[in-house]
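One structure below.
Residue numbers (UniProt numbering): 1 to 681.
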């Protein structure tokens with residue numbers, strides 16, 4: 001019988017339901033005169049029931065497994081007799097045996113199919129253990145085949161050790177047997193918001209992940225644990241839900257697997273749940289193996305980076321430490337390091353060490369945090385040694401960023417607003433913010449698939465490396481300038497230090513600056529609000545990192561040329577190694593476009609930052625004045641370039657006739673500026 005021919009009768013309803021519930025024989029001469037009779041089936045079929053004989057069918061254990069019903073004895077109008085009851089009663093045991101055998105065969109066949117599917121899952125796991133997304137897709141496909149459901153999803157926890165349930169990755173698969181309307185509705189909801197966002201916020205999945213217990217819901221809208229609003233938003237109507245935890249080999253929950261809506265419209269039964277739980281055991285093994293493989297890859301990458309670093313860098317010598325430990329440290333006024341317009345090229349490499357020592361002493365960091373002076377000398381010298389000899393992102397740049405922060409703290413007065421622990425984190429962050437920079441940016445790491453990108457991913461790749469390298473130096477013997485801090489101070493400082501270094505990633509700057517600008521422009525910025533304070537420190541780090549643009553013209557121009565030269569070297573590598581055409585700022589063949597690029601850089605990135613900071617500290621006005629003066633210089637150079645290009649164009653040979661002249665045109669003079677230069681990683 002096809003599903004369309006089936007008529008489902010509720011338990012205990014009508015004569016059939018009554019016999020199934022009570023196990024009694026019912027013989028009725030006139031069905032419509034019996035209150036137990038339900039005429040719903042007659043209405044569905046158009047058949048008129050008169051006499052009726054109904055008996056239960058038992059299996060070998062005496063359990064009721066069905067009901068036999070004889071309707072309208074022939075000839076018309078006759079009723080079923082006791083002899084009819086005896087005949088039917090003799091026949092039904094054979095029916096019971098046949099039905100039981102059929103059920104056993106169906107169950108056996110079902111178990112065979114399920115066992116085969118589980119074996120196929122195991123085979124899939126052995127075939128693919130290197131790509132998490134691929135293995136999860138295979139798992140979901142098998143789950144849909146096994147449980148015959150409309151949708152399957154797998155969600156993985158961000159941190160299996162954390163008591164707070166938060167999913168970091170979500171995968172979902174829609175059955176191809178779903179109707180086109182459902183798929184269309186689902187696609188419409190995808191345009192409004194990511195369906196994965198709904199999955200990640202699924203309250204049932206969170207419940208299963210937190211309790212470790214499976215959830216089997218037969219009617220989602222009748223269950224208080226179900227979020228009906230999310231269902232309505234997605235456009236995918238959920239009827240039944242089966243959700244179970246995924247365990248790793250250490251019996252820790254690493255995620256949840258969920259199936260929705262059986263294709264036949266029924267609910268997920270106990271057999272489905274047992275099968276799904278067995279299935280998910282294999283899923284957990286496969287996912288765990290894939291995660292372990294990824295960890296091994298990252299460990300290899302970390303080792304590769306570490307070996308690369310160690311092969312290039314070394315700590316400073318004792319002779320150098322003794323030299324600076326005994327050196328006379330000039331005063332701030334002698335060095336000029338308190339000036340916002342400080343000359344970035346005025347000190348040699350050794351003088352920058354003594355100037356850095358003076359900054360720590362002048363800010364009271366040595367006294368406040370009981371920093372051992374010899375350790376401070378050793379740390380600064382090793383940090384200097386761990387900057388590579390690249391054109392721009394080198395020790396001089398690190399020192400200049402630190403000097404800019406020092407001037408902002410002292411001359412501009414931010415020292416009066418920030419705490420001592422914040423000041424220490426900012427100064428150390430400036431010194432370390434570009435440690436081990438290779439002269440190439442984050443995008444280049446991704447394009448080349450470098451060990452750094454494999455280790456840290458594509459988000460703030462270099463900045464994460466700079467921070468970890470800073471930590472490595474601090475943890476080296478004789479380099480821990482924070483050794484006398486309390487455990488609480490140390491913990492707070494390391495968080496602030498990480499935030500400071502990561503803030504030099506311009507991607508994070510763009511994510512936060514609109515919020516910061518709006519707070520300041522509306523007069524709502526408040527130093528006492530932690531989020532506001534965090535944003536301001538990050539903005540100060542960016543302002544110092546880009547500080548060369550606020551220096552006197554000759555200094556600012558020289559820095560811009562150094563940055564561009566370093567970018568050209570990256571562009572040369574992109575062209576030779578990756579066979580790519582670099583963007584304008586990295587393209588040596590387009591170096592004449594520098595003035596225009598600098599205008600874009602100032603207008604789009606730098607000027608808005610300093611013009612906003614000056615609103616919360618008017619002592620920064622000299623920086624704003626200089627950036628405007630420098631902009632005027634770049635604009636003048638850009639205008640000269642455009643005039644030169646216009647004058648160098650060949651004379652147009654057009655007719656002197658006015659009507660013909662209008663048809664002549666000179667070569668298009670538009671140039672693509674490309675990406676603005678970034679003087680920090």
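Even glycine gets a Cβ: it sits at the ideal position worked out from N, Cα and C.
Beta-bridge analysis with DSSP links residue 27 to 53.
Judged by their CB atoms, residue 321 and residue 384 are not nearer to each other than the 8 Å cut-off.
When beta bridges are read from the DSSP output, residue 70 appears opposite 53. Using a Cβ distance threshold of 8 Å, residue 507 and residue 542 do not count as a contacting pair. Here residue 409 really is in contact with residue 363; their C-beta atoms are around 7 Å apart, less than 8 Å. If you ignore the 5 residues before and after residue 331, its C-beta comes within less than 8 Å of the C-beta of 358, all in its own chain and listed in chain order.
When the beta-carbon positions are compared, residue 26 and residue 18 come within less than 8 Å of each other. By alpha-carbon distance to residue 518, the top candidate from 154, 535 and 370 is 535. A contact is defined here as three or more CB-CB pairs under 8 Å, and the segment 515 to 533 fails this definition with respect to the segment 385 to 405.
Checking the DSSP bridge columns, you'll see residue 216 partnered with 242. Relative to residue 53, the option among 67, 63 and 510 whose CA is nearest is 67. In the displayed model, residue 578 falls within coil according to three-state DSSP, outside both helix and strand.
The segment 587 to 600 makes contact with the segment 625 to 637; the number of CB pairs closer than 8 Å reaches 3 or more. In the three-state reduction of the DSSP assignment, residue 40 falls in the helix class, which pools H, G and I. Residue 172 carries a strand assignment under DSSP once its states are collapsed to helix, strand and coil.
In the DSSP secondary-structure assignment, residue 153 is bridged to 172 and 258. DSSP places residue 467 inside the alpha helix (DSSP H), whose first and last residues are 461 to 475. The count of Cβ pairs closer than 8 Å, one atom from the segment 463 to 474 and one from the segment 493 to 503, reaches three, so the stretches are in contact. The beta carbon of residue 445 sits closer than 6 Å to the beta carbons of 452, 453 and 461 from its chain, once the five residues preceding and following it are set aside; these are given in chain order.
Residue 202 holds the alpha-carbon nearest to the alpha-carbon of residue 238 among 254, 245, 202 and 207.
Put simply, the backbone Cα of residue 171 is about 29 Å away from that of residue 510. The C-alpha of residue 114 is placed about 55 Å away from the C-alpha of residue 437.
Counting only the Cα atoms, residue 11 lies some 22 Å from residue 48.
Annotation: residue 295 to residue 570 spans about 30 Å, alpha carbon to alpha carbon. In the three-state scheme derived from DSSP, where H, G and I count as helix and E and B as strand, residue 141 is classed as helix.
DSSP places residue 487 inside the alpha helix (DSSP H), whose first and last residues are 487 to 502. A distance below 6 Å between beta-carbons, with the five flanking residues on each side excluded, links residue 152 to the following residues of its chain, in chain order: 140, 143, 144, 173 and 259.
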